[in-house]
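Heads up, the sequence shown is in the numbering used here, so the first residue is 4 and it goes up one at a time.
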Amino acid sequence: RVASYTWILLATVLFLYIASWVQHRRHQHSIFSRLGIPHVPPHLIYGSNHILRAPGALATDVIGQWIQQYGKVFGYYVGWKPTLVVADMDLVKQVLIKDFHNFTNRPKLVLDVQPVVDTVVGLRDQRWKDVRSVLAPTFSMMKMKLMAGIMNHKIDQLLAIVTEKNARKESVEWFTTYQGMTLDVISECALAMKTNCQLKQNKDEFFVAVKEFLKNALNPAVLLALYFPGFATFLSFVSNKFSLSGRMTQMIVNHLKTVIAIRRKDLSNKYVDVLQLMLETAESRQNNPGDSAATDVTTTATDKERPRHILLTDKEIIANAWVFMLGGFETTANALTYATYLLATHPQKEDGGPLTYEEVRQLKYLDQVLSESLRLYPPVVTFTVRESAEDFMLGNTLVSKDMNVLIPIWQLHRDPEQWTDPDTFDPERFSPDAKAGESRHPMAYLPFGAGPRNCPGMRFAQLEAKLTLARIVKIFRLEVCEDTPTSLTFKICTVTINPDCKVYIKAVPRESTPTLF
């Protein structure tokens with residue numbers, strides 16, 4: 004009888020807990036109704052995330068359908084969390100630039116995963132501003148030009164692979180090849196790690212591990228924490244300690260700790276990579292106690308007489324080198340794959356009319372090709388999200404405190420009100436004449452975001468993409484072959500839009516330099 008009462012009591016407590024949870028979740032899901040904002044009807048557990056992540060669904064298509072149905076400002080839920088989609092370009096400018104003070108932060112990380120919490124992606128408020136301001140000089144165009152030597156060496160290897168394929172009368176699968184090259188570049192630049200990913204490709208353990216990490220970044224643990232935030236602390240511990248991504252990350256962190264220690268002991272070597280630039284930028288040798296960004300004063304064995312204000316901790320340097328590697332790998336490989344595919348399927352753009360000497364010198368048409376490719380296929384499509392610091396009137400819409408605001412880059416880039424024939428590949432959109440006469444909204448083209456929280460690695464990515472594509476089309480003519488897909492299909496595992504098919508394109512040696520030059 005006592006056991007019976009115990010079970011009845013437990014069942015009652017469980018029922019009351021579930022009823023309380025359901026009531027609380029329904030209250031969370033009522034915020035858009037209370038604010039009078041059109042929204043996607045939410046599922047009790049998933050919100051609308053199950054629609055975005057349904058098998059065979061593409062988030063860009065789903066959001067596009069919702070814009071058609073609910074308008075340019077509407078809401079949906081990810082688990083319990085409300086997300087406001089803003090496709091009105093005037094309001095986009097408010098969020099990213101004019102009212103950045105209220106939209107400074109990206110959403111809080113679902114899991115407290117190391118080392119992303121210490122990166123420009125995960126940091127918030129004043130600490131993000133401090134770290135971003137310290138890192139900014141590292142990514143200046145002058146500093147990025149120093150990386151050209153590493154890039155060209157890896158491009159040499161790429162051209163050798165393409166030449167060998169051509170000699171065997173084989174077409175090139177460009178996506179995997181570009182992935183290998185960009186990972187080789189970014190590993191040496193950001194991690195001071197020499198890899199052979201483009202030579203070994205899927206036989207290289209590091210190459211496979213990084214691809215798996217990105218493929219599974221939104222893994223069941225993350226999704227569970229999205230839907231049930233109470234599990235986040237436990238899931239963070241499990242992810243950091245036991246997951247494949249956690250083990251790979253720890254390997255990279257340990258490697259970077261060793262490299263940093265070696266470089267601080269041996270100051271005679273002049274290293275040229277992003278990691279070294281970060282180390283040099285992060286350490287101020289001038290006494291400046293008033294610097295709000297300074298977090299520590301320390302000395303090394305070789306420089307004990309002169310205190311240095313460390314603007315970044317080693318933990319933050321390592322974390323940002325790590326995130327720069329992840330951010331600079333797949334996005335650039337995607338951009339190069341799409342540009343290569345577009346040139347091969349639009350040969351008239353590759354072998355267009357004669358150009359002036361000035362255009363040849365500055366490779367203006369190549370810039371146009373890359374710009375148009377980035378318009379059609381932006382590097383990231385669901386990453387431009389900001390969190391509202393306070394209740395805020397955005398146009399006629401009240402954005403509540405802590406609400407996420409998502410900018411749908413794919414839809415902005417293909418808005419027919421801004422772009423004539425938006426689905427057509429037309430590099431002339433970015434010609435000097437077109438730019439001079441355009442009345443296009445400044446927020447219609449955001450491949451790297453906008454405002455103070457735009458992509459810090461933008462110049463690095465542009466330089467790498469331009470160098471690679473320029474050297475390829477100077478030597479080879481890109482042509483479709485029987486294995487070239489008639490149209491590209493896509494998948495979005497995390498925030499990047501990747502080809503969901505093999506991108507085979509033939510590279511035929513040229514007899515003369517193309518008019519792109």
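Even for Gly, the Cβ is constructed at its ideal location relative to N, Cα and C.
Thinking just about the alpha-carbon of each residue, which of the options is nearest to the one in residue i?
i, options, result
"I255", "L229, A347, A139, P118", "P118"
"L409", "W10, R28, M92", "M92"
"D503", "D424, L470, T340", "T340"
"E431", "T471, S376, D159", "S376"
"N407", "I66, F18, G78", "G78"
"K318", "L126, G50, A62", "L126"
"A151", "T180, T166, V188", "V188"
"L56", "N501, I495, Q72, I500", "Looking at the sequence shown, residue 56 is not Leu but Arg. Selected option, being the one with the closest Cα: I495."
"D64", "L415, P435, S7", "L415"
"H444", "E467, F463, D418, V372", "D418"
"A90", "L491, E420, V372, T471", "E420"
"P411", "K168, F35, L94, D128", "L94"
"L217", "P110, E283, M328, Y274", "M328"
"P44", "P450, Q72, P459, A439", "Q72"
"W24", "V326, Q465, G233", "G233"
"H27", "I40, A60, W83", "W83"
"V225", "Q129, L112, A60, L366", "L112"
So, helix, strand or coil for residue i, using DSSP?
i, result
"N105", "coil"
"P430", "helix"
"P85", "strand"
"E176", "strand"
"G50", "strand"
"F77", "strand"
"L409", "strand"
"P232", "helix"
"H42", "strand"
"V137", "helix"
"V372", "helix"
"V383", "strand"
"T423", "coil"
"E308", "Interpretation of E308 is limited by its pLDDT of 42, a score under 50 that renders its predicted location unreliable; the figure taken from the coordinates is listed afterwards. E308 falls in the coil class under three-state DSSP."
"S143", "coil"
"L194", "helix"
"N272", "coil"
"I21", "helix"
"L221", "coil"
"D115", "coil"
"D418", "coil"
"C200", "helix"
"L358", "For L358, the predicted structure reports a pLDDT of 38, less than 50, and the residue's modelled location is therefore unreliable. The matter cannot be settled from this model."
So if DSSP puts residue i in a beta bridge, which residue, or which two residues, is it bridged to?
i, result
"E208", "Answer is none; E208 lacks a bridge partner."
"R480", "V511"
"T400", "L397"
"N501", "K494"
"V388", "L409"
"G452", "P450"
Give me, in chain order, the residues of the same chain whose beta-carbon lies closer than 8 Å to that of residue i; leave out the 5 immediate sequence neighbours on both sides.
i, result
"E237", "The sequence given here has Phe at residue 237, not Glu. Hits under 8 Å: none found."
"V498", "V383, V384, T385, F386"
"N105", "S391, A392, E393, F395"
"D486", "S174, K505, Y507"
"T198", "L186, D187, S190, E191, D207, F209, F210"
"T86", "G78, Y79, Y80, V388, M406, N407, V408, L409"
"F18", "none"
"Q160", "M184, D187, Q201, L202"
If I measure Cβ to Cβ from residue i and keep anything under 7 Å in the same chain, skipping five residues before and after, which residues do I get?
i, result
"H53", "H46"
"R513", "I478, F479, R480"
"L259", "L194, I321, A324"
"L491", "Y344, P502, C504"
Which same chain residues, not among the five before or five after residue i, have their C-beta less than 6 Å away from its C-beta?
i, result
"A212", "M251"
"A322", "P118, D121, T122"
"K96", "M446"
"T179", "Q204"
"F463", "M147"
"L99", "A453, G454"
"M281", "T141, I320"
Which whole-angstrom value describes the C-beta separation of residue i and residue j, a residue pair presumed to lie in contact below a C-beta threshold of 8 Å?
i, j, result
"I48", "Y230", "5 Å"
"A193", "L278", "6 Å"
"K148", "P140", "Not confirmed; about 13 Å, so no contact."
"R389", "Y448", "No, R389 and Y448 are not in contact; Cβ-Cβ is about 19 Å, not under 8 Å."
"V483", "A347", "5 Å"
"L114", "A14", "Rounded, the Cβ-Cβ distance is 32 Å, inconsistent with contact."
"I565", "Y380", "The structure shown does not extend to residue 565, since the chain is modelled only from 4 through 520, so no value can be given for it."
"T284", "L138", "7 Å"
"P450", "F142", "16 Å between Cβ atoms; not a contact."
Would you verify that the beta carbon of residue i is, or is not, closer than 8 Å to some beta carbon of chain B?
i, result
"R480", "Absence of chain B from the displayed structure is noted, only one protein chain being present."
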